[in-house]
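These notes are about the structure you will find just below.
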Amino acid sequence: MARQGLFGSSLIKKYWMALTGLFLISFLVAHAGINAMIFFNDGGVTFNEWAHFMGTNLIIRTMEIVLFAGLILHVVDGLMLWRQNRAARPVDYAFAKHNANSKWYSRSMGILGTLILLFLIIHLWHFWVPSRNIVGSLEPYGSDAAGRENLFALMIEVFSNPVVVIVYVLGCFSLFWHLLHGFKSAFQSLGLNHRKYNGFIAFCGAAFSIIVPVLFAAMPVSMYLGWIK
Amino acid sequence: MGNMKLTLKIWRQADAKAKGAMVDYQVSDISEDMSFLEMLDVLNDRLVREGQEPIAFDHDCREGICGACSLFIDGRPHGPSRHITTCQLHMRKFKDGDVIHVEPWRAGAFPVIKDLVVDRGAFDRIQAAGGFVSVNTMGNLVDANAQPIPKLDSDKAFDAAACIGCGACVAACPNSSAMLFVAAKVSQYALLPQGRPEAKTRALNMVEQMDTEGFGNCTNIGACEIECPKDISLENIARLNREYLGAELSKE
Chain A
1 MARQGLFGSS
11 LIKKYWMALT
21 GLFLISFLVA
31 HAGINAMIFF
41 NDGGVTFNEW
51 AHFMGTNLII
61 RTMEIVLFAG
71 LILHVVDGLM
81 LWRQNRAARP
91 VDYAFAKHNA
101 NSKWYSRSMG
111 ILGTLILLFL
121 IIHLWHFWVP
131 SRNIVGSLEP
141 YGSDAAGREN
151 LFALMIEVFS
161 NPVVVIVYVL
171 GCFSLFWHLL
181 HGFKSAFQSL
191 GLNHRKYNGF
201 IAFCGAAFSI
211 IVPVLFAAMP
221 VSMYLGWIK
Chain B
230 MGNMKLTLKI
240 WRQADAKAKG
250 AMVDYQVSDI
260 SEDMSFLEML
270 DVLNDRLVRE
280 GQEPIAFDHD
290 CREGICGACS
300 LFIDGRPHGP
310 SRHITTCQLH
320 MRKFKDGDVI
330 HVEPWRAGAF
340 PVIKDLVVDR
350 GAFDRIQAAG
360 GFVSVNTMGN
370 LVDANAQPIP
380 KLDSDKAFDA
390 AACIGCGACV
400 AACPNSSAML
410 FVAAKVSQYA
420 LLPQGRPEAK
430 TRALNMVEQM
440 DTEGFGNCTN
450 IGACEIECPK
460 DISLENIARL
470 NREYLGAELS
480 KE
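Heads up: the protein sequence lines correspond to chains A and B, in order.
Under the working numbering, think of the first position of the first sequence as 1, with each following residue one higher.
Under the working numbering, think of the first position of the second sequence as 230, with each following residue one higher.
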């Protein structure tokens, strides 16, 4: 069967995968940057100020919908690709040395993505759901020194549980492996491959894959250890 | 004669509909100077003498240039060495006492015909969908060298044209994707002025045929490039991605 339409051909699916992936990467930059405000260690005043802006600004709230749409597109497109790829080999090899020609994480984007999605559901339940007053609210946490709603206090409470901290660190590991292949793969899918720039793209991809997950993992860990309070 | 003893685990399947299985064979007196196919010839010679059905496998030129031989040997297409086909693989790459798995290419689009022989007609159909340039042969032919072509472009087109269509890229890919093959065939024309008039329809039609045949999607893991006997670069897949994107966005 020929595949046509907006998600038709194999290549169109890959373009969507790359574009939504790069869009989600741009979200990670904003998310990690703003959350890093907790490292001012000022009782969350700077962080809460930014959280208030992100939660109330009309453009940001609109982008939140676009972000969810991008995430769903990335997941659904990924599942469609995964299903077609499994169907393309009805009988598998009895003996195959996949490690001789490729990296395990590049072959495991589906499972890594699933782990990230599971983490994301837990993560949204912890912070996004109460801060948008869907279930619960930030009211029990009072206001901070500047009189703003205290998302920071909720972070401190959530990250006082060692199991949660471990889950978050594992989530960051999944993100690391996913990005390590995904970042440079997105450029290749869009046809952006040139001898002159490939090294630079690979370097940026590796640096991004390390810096962002380490920054994210440092947040629950430093709060649990009491370095940030 | 040499003195290597080997255990071979070989996929046997009577015909396209039969259920196949891995069957163990012991071979001895194997010389390290034999090619892998010659080693199978020795085994087949014995099987015929014993009144058994010989193992079917594809081969033709045995010089590494025709693309007929295949075989997934010891977990890799064309065996453990890089940049060679199975006919150029020699038994010196193995040790006395080794256990070697030998399987056919595995892809839904490459159905097994018998034992280790698969039907690679899907590649022919992809090629027929656009892997050519239309030339008017009625009357005055233009000399091919009359058109100036940058050296780098001609080199890259030549590198892409080195693809022998053996199918190792599909066999190596966990998704059974044929992207490296299609990318090589699109690139060898896309890089040359003679290929440009039909570039859009070529990219669109060859990719459509590739999807229709049931090959998987490229996930950029790069296994095909490592296993390709002709060292076809992933650069070609990026070029196909560009060619197709441009064609898809601008087609009327």
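Positions of the beta carbon are idealized from the N, C-alpha and C atoms, including for glycine.
A quick note: this is a predicted structure, and the numbers were derived from the prediction, not measured.
Cα atoms of residue 308(B) and residue 278(B): separation of roughly 28 Å, rounded to the nearest angstrom.
Pairwise C-beta distances place the stretch 191-210 of chain A out of contact with the stretch 138-151 of chain A, as fewer than three of them are shorter than 8 Å. If you look at residue 431(B), you'll find it isn't in any beta strand (DSSP E); it sits in the alpha helix (DSSP H) that goes 428-441. Within the stretch 92-106 of chain A, contact with chain B at the beta-carbon level (separation under 8 Å) is assigned to 92, 93, 94, 95, 96, 97, 98, 100, 101, 102, 103, 106. At least 8 Å separates the beta-carbon of residue 54(A) from that of residue 159(A).
Here DSSP, grouped into helix, strand and coil, assigns residue 292(B) to coil.
In this chain, residue 254(B) is not harboured by any alpha helix (DSSP H); it is covered by the beta strand (DSSP E) spanning 250-259. With respect to residue 362(B), residue 424(B) sits close: the two C-beta atoms are nearer than 8 Å. Under the DSSP assignment, residue 236(B) falls in the beta strand (DSSP E) whose first and last residues are 233-241. The bridge partners DSSP lists for residue 341(B) are 347(B).
Just measuring C-alpha positions, the residue of 454(B), 406(B), 329(B) sitting nearest residue 81(A) is 406(B). Residue contact with chain B for residue 196(A): absent (no Cβ-Cβ distance below 8 Å to any residue of chain B). In the displayed model, residue 187(A) falls within a helix according to three-state DSSP.
Boundaries of the alpha helix (DSSP H) harbouring residue 122(A): 109-123, taken from the DSSP string. Contact between residue 409(B) and residue 454(B) holds: CB atoms are separated by about 7 Å, below the 8 Å threshold. Under the three-state reduction of DSSP, residue 472(B) is assigned to helix. Here residue 79(A) is not near residue 174(A), since their CB atoms are 8 Å or more apart. Listed in chain order, the positions of the stretch 14-31 of chain A with a beta carbon within less than 8 Å of a beta carbon of chain B are 14, 15. Chain order gives the chain B residues near residue 190(A) as 467, 470, 471, 474, where near means a beta carbon separation below 9 Å. Within the stretch 238-252 of chain B, those residues whose Cβ lies closer than 7 Å to any Cβ of chain A are, in chain order, 251.
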